[in-house]
Structures are given as structure tokens and as C-alpha cells.
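Some notes on the structure that comes next.
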Amino acid sequence: MREMICICCPMGCRMTVEKTADGYLVTGNTCPRGKAYAIDEMTAPKRMVTSSVPVDGGNFKMVSVKTAVSIPKELIFKALDSLKGVRMTAPVKEGDVVVKNTAGSGVDFIATRNVDKC
Ligand code: SF4
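See the structure below:
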């Protein structure tokens, strides 16, 4: 049995997960997202990855970026490596692709805000 806190929303439900003959028994979750998260944590944990990259010619020097969806935990450092040396040029729009298919995950790093030209 394993205890965990669901990180899918601010409620932070405390859950327990137990392996059974049929799969996993999850208790303490308020909604189905918690159950899915708990099973993912037991089988193939994933995380959103956030960082920032420099912007040339913009009203901000940096733009925050994140993976478009969660990626396997074991790819986090490789994904962060893929941002090394990356620079954007203003204007940057929220949702612009910063690195495509980071770490071979099939997931892009995207900008999370607008940076206007100055
Ligand atoms: S189980 Fe549902 S309500 Fe509870 S923290 Fe997770 S997403 Fe939020």
C-alpha cells in the first residue's frame, strides 16, 4: 500500500493505493482524475516540466516555458537539456513551440506567455 497526495488540483486529496489481483484499489480521491493520477504514479509517473529561455528584442528578457502535457519522469533532465542554448526572438506568443518533441517524448515545450517586440 502506498499513500500519496493528488497534485491534479488545489484540493490535494490524500489517497491510498493498493495493488490487488485485478489492478489497483484507490481510496481517498474525490474525483476520477485522482484515481488516474494514482495509477499513473504506480505504473508510469509523469510530470509537467517548466523552465524559461531568453528572448531577444522583447519587452521581457526571458519567457517561461512548459511541456504541453506531462512527460515520463525519467525524461525530465533530458527535456531540460533540450532547452540549453535555445533563444526566442520577440514577438513570442503564448503557445508558441519552443522545442519540438523534447527528449523524444512526442511532447513540445511551449511558451506560457506573450513577449512583445520592443
Ligand atoms: S482527486 Fe480530484 S478533487 Fe482530489 S485533488 Fe485530485 S483532481 Fe482534485
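Mapping of the sequence shown onto this note's numbering: residues 1450 to 1567, in sequence order.
Virtual Cβ for every residue (Gly too), placed ideally from N, Cα, C.
DSSP beta-bridge partners of residue i
i: D1489; result: Beta-bridge pairing links D1489 to no other residue.
i: R1536; result: Beta-bridge pairing links R1536 to no other residue.
i: K1566; result: G1507
i: V1541; result: V1564
i: R1451; result: V1466
i: I1559; result: K1515, V1546
i: T1476; result: T1465
Neighbourhood of residue i by C-beta distance below 7 Å, restricted to the same chain and skipping five residues each side
i: S1500; result: V1514, L1529, L1532
i: K1549; result: D1557
i: E1490; result: M1453
i: T1516; result: M1497, V1498, A1528, T1551, V1556, F1558
Nearest candidate by alpha-carbon position, reference residue i, set the options
i: N1508; options: M1453, M1450, R1562, R1451; result: R1562
i: V1547; options: E1523, K1566, V1504; result: V1504
i: A1552; options: C1567, I1525, R1463; result: I1525
i: I1520; options: P1494, E1543, V1502, G1544; result: P1494
i: V1535; options: A1560, E1543, G1555, E1523; result: A1560
i: C1457; options: V1518, D1545, C1567; result: V1518
i: T1412; options: R1451, P1459, G1472, D1471; result: Outside the displayed span of the chain (1450 to 1567) sits residue 1412, for which this structure offers no information.
8 Å Cβ shell around residue i - same chain, five flanking residues per side excluded
i: V1564; result: V1504, G1507, N1508, F1509, V1512, M1537, A1539, P1540, V1541
i: I1488; result: V1466, G1472, Y1473, V1475
Same chain only: Cβ atoms within 6 Å of residue i, ignoring 5 sequence neighbours per side
i: C1462; result: C1455, G1477, N1478, T1479, G1483
i: L1474; result: E1467
i: D1545; result: A1560
i: C1522; result: The question names Cys, yet the displayed sequence has Lys at residue 1522. The residues are P1494, R1496.
Residue i: CB within 8 Å of a non-hydrogen atom of the ligand NAP
i: G1507; result: The ligand NAP is not among the ligands present in this structure, which contains only the ligand SF4.
The ligand SF4: which residues have Cβ under 5 Å from any of its heavy atoms, chain order? C1455, C1457, C1458, M1460, C1462, N1478, T1479, C1480, R1482, G1483
Which full runs of the beta strand (DSSP E) of 3+ residues lie inside the segment 1495 to 1533, going along the chain? Runs of the beta strand (DSSP E) inside the segment 1495 to 1533: 1499 to 1505, 1511 to 1516.
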